[in-house]
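One structure is given here, and the rest of the page talks about it.
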Amino acid sequence: METAAMKVPFRRAFAPVDQATSIPLNTQIVLQFEEALRAGLLSEGDQLPSEMELGEGFQVSRTTLRRALAHLEERGAILRERGRGKGTTVVHAEPITRPPGSITTLYEMIAASSRRPVTTLLTYEPQQVDETFSVTSGFSVGSRVIHILRHRSANAEPIAVLENWILETHVTFAPERLGEESMEMLLREGGVRQRRVLFEYRATVAGDHAEFLGVATDTPVVDEIRHIHDDAGQYEYSHHVSHPENERVRGVITP
87 METAAMKVPF RRAFAPVDQA TSIPLNTQIV LQFEEALRAG LLSEGDQLPS
137 EMELGEGFQV SRTTLRRALA HLEERGAILR ERGRGKGTTV VHAEPITRPP
187 GSITTLYEMI AASSRRPVTT LLTYEPQQVD ETFSVTSGFS VGSRVIHILR
237 HRSANAEPIA VLENWILETH VTFAPERLGE ESMEMLLREG GVRQRRVLFE
287 YRATVAGDHA EFLGVATDTP VVDEIRHIHD DAGQYEYSHH VSHPENERVR
337 GVITP
């Protein structure tokens with residue numbers, strides 16, 4: 087037996103638009119929807135109030151409301167079903183999209199999508215590089231690194247598994263800060279500057295990450311591997327395992 091979708095009361099997530107501002111009314115509605123998603127006031131599967139209720143709540147015309155809803159539907163944020171007993175449902179939010187080799191952090195990309203970056207720190211431990219790991223990582227044997235493993239979500243939606251090994255000398259921040267801030271920003275705060283990044287994409291399976299990603303263990307996923315250098319040489323080795331649907335890499339080639 088299917089569970090009925092929960093209808094969200096207008097005032098739980100929205101408020102009347104500002105008629106006095108220069109921001110177009112339909113844009114204000116879209117911005118309110120994005121903020122409600124980011125704040126967790128709307129979740130996948132929630133049913134929005136009827137068009138009549140939304141129009142009255144936002145205090146806008148049906149034409150303005152439908153323009154805003156059409157924009158949200160084009161982005162894949164909502165699904166509008168026509169017919170008696172049907173309505174507008176919050177569906178899978180747009181995937182986090184990043185261009186190949188981007189230096190913009192995943193934390194920044196999630197925040198830019200009007201969702202809240204959520205980080206779960208699983209591992210933060212010192213490690214000495216042995217011969218086997220030296221071949222894999224590029225670090226010299228005997229180097230001291232900090233091994234960091236995190237799960238990154240957008241609101242409650244899993245986005246990626248992030249695993250980093252960083253030279254101990256470059257880690258000057260408290261591990262607790264990783265729960266609320268971008269690691270790259272924390273490194274920059276400590277004076278670390280990227281000068282050269284070698285990266286490659288490899289196909290793998292979800293494996294041990296399957297439970298967090300919410301997929302079967304044999305689900306194909308993409309793993310981005312990076313060797314990051316500053317002026318003195320390599321200081322970081324990392325893996326970035328993307329959710330197969332919630333994150334994508336996309337770019338444009340101009341001949």
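When you line the sequence shown up against our numbering, it's residues 87 to 341, in that order. We put the CB at the ideal spot given by N, CA and C, even for glycine. Here the structure is a predicted model, which is why all the values come from computation and not from measurement.
Helix or strand or just coil, what does DSSP make of I196?
Stepping through the sequence shown from its first residue, residue 196 is reached at position 110. Looking at I196 - three-state DSSP - the assignment turns out to be helix.
Are the stretch 202 to 217 and the stretch 237 to 248 in contact at 8 angstroms, needing three or more beta carbon pairs?
yes
If we count the other Cβ atoms within 10 Å of its Cβ and call it buried at 16 or more, is I196 buried or exposed?
Residue 196 sits at position 110 when you count from the first residue of the sequence shown. Flag for I196 reads buried.
Nearest-angstrom beta carbon gap, R336 and S324 [assumed within contact, 8 angstroms]
Within the sequence shown, residue 324 is the residue found at index 238, counting from 1. Within the sequence shown, residue 336 is the residue found at index 250, counting from 1. Actually they do not touch by this definition, with Cβ atoms about 21 angstroms apart.
I'd like to know if the stretch 213 to 232 and the stretch 295 to 306 are in contact, where contact means that at least 3 CB-CB pairs between them fall below 8 angstroms.
no
Unbroken alpha helix (DSSP H) run spanning H157, endpoints:
Within the sequence shown, the letter at position 71 stands for residue 157. Where H157 is concerned, the enclosing alpha helix (DSSP H) stretches over R148 to E160.
Are the beta-carbon atoms belonging to G173 and Q133 less than 9 angstroms from one another?
Taking the sequence shown and counting its residues from 1, the one referred to as residue 173 is at position 87. Taking the sequence shown and counting its residues from 1, the one referred to as residue 133 is at position 47. Going by C-beta atoms, G173 is nearer than 9 angstroms to Q133.
Taking the alpha-carbon of P110 as reference, which of G300, T150 and A289 has the nearest alpha-carbon?
On the sequence shown, position 24 is the one that residue 110 refers to. The option with the nearest alpha carbon to P110 is T150.
Thinking C-alpha only, which one of S328, A156 and H256 is nearest Y287?
Locating residue 287 in the sequence shown gives position 201, counting from the first residue. The shortest Cα separation from Y287 among S328, A156 and H256 belongs to S328.
Relative to the alpha-carbon of I319, which residue among L284, Q105 and S108 has its alpha-carbon at the smallest distance?
Translated into the one-based positions of the sequence shown, residue 319 becomes position 233. A quick correction: the sequence has Gly, not Ile, at residue 319. Comparing Cα positions, the closest option is L284.
Quick check on I189: buried or exposed, where buried means 16 or more other Cβ atoms within 10 Å of its Cβ?
As a working note, residue 189 is residue 103 in the sequence shown. Under this definition I189 is an exposed residue.
Excluding the 5 residues flanking Y321 on each side, which residues of the same chain have their C-beta closer than 6 angstroms to its C-beta?
Your numbering for residue 321 matches position 235 in the sequence shown. Only L253 and H256 meet the Cβ criterion.
DSSP three-state label for R274, please.
Taking the sequence shown and counting its residues from 1, one reaches residue 274 at position 188. Of the three classes helix, strand and coil, the one that applies to R274 here is helix, per DSSP.
P261 (DSSP reduced to helix, strand or coil):
The count along the sequence shown starts at 1 and reaches residue 261 at position 175. DSSP places P261 in helix when its eight states are reduced to three.
Can you give the beta carbon distance from E159 to R166, rounded, assuming they're within the 8 angstroms contact cut?
To locate residue 159, count along the sequence shown from 1; it is residue 73. To locate residue 166, count along the sequence shown from 1; it is residue 80. Sure, about 6 angstroms apart at Cβ, within 8 angstroms.
Could you please give the first and the last residue of the uninterrupted beta strand (DSSP E) stretch that includes L123?
Residue mapping note: residue 123 aligns to position 37 of the sequence shown, counting from 1. First-last for L123: L111 to R124, but that is the alpha helix (DSSP H), not the beta strand (DSSP E).
Applying the 10 Å Cβ sphere with the 16-neighbour rule, what's the burial state of T201?
For this step, residue 201 is matched to residue 115 along the sequence shown. According to the sequence as given, residue 201 is Arg; it is not Thr. Its Cβ being crowded by 16 or more others within 10 Å, R201 is buried.
By Cβ distance below 7 angstroms, which residues in the same chain neighbour D316 in space, the five residues on each side in sequence not counted?
In the sequence shown, residue 316 corresponds to position 230, counting from 1. Answer for D316: V278, R279, Q280 and R281, listed in chain order.
Classification of G126 by the beta-carbon crowding that lies within 10 angstroms, buried from 16 upward:
Taking the first residue of the sequence shown as 1, we reach residue 126 at position 40. When all chains shown are included, G126 counts as exposed.
Taking the C-alpha atoms as reference points, what is the distance between N112 and S220?
In the sequence shown, counting from the first residue as 1, residue 112 sits at position 26. In the sequence shown, counting from the first residue as 1, residue 220 sits at position 134. Their backbone Cα atoms lie some 55 angstroms apart in a straight line.
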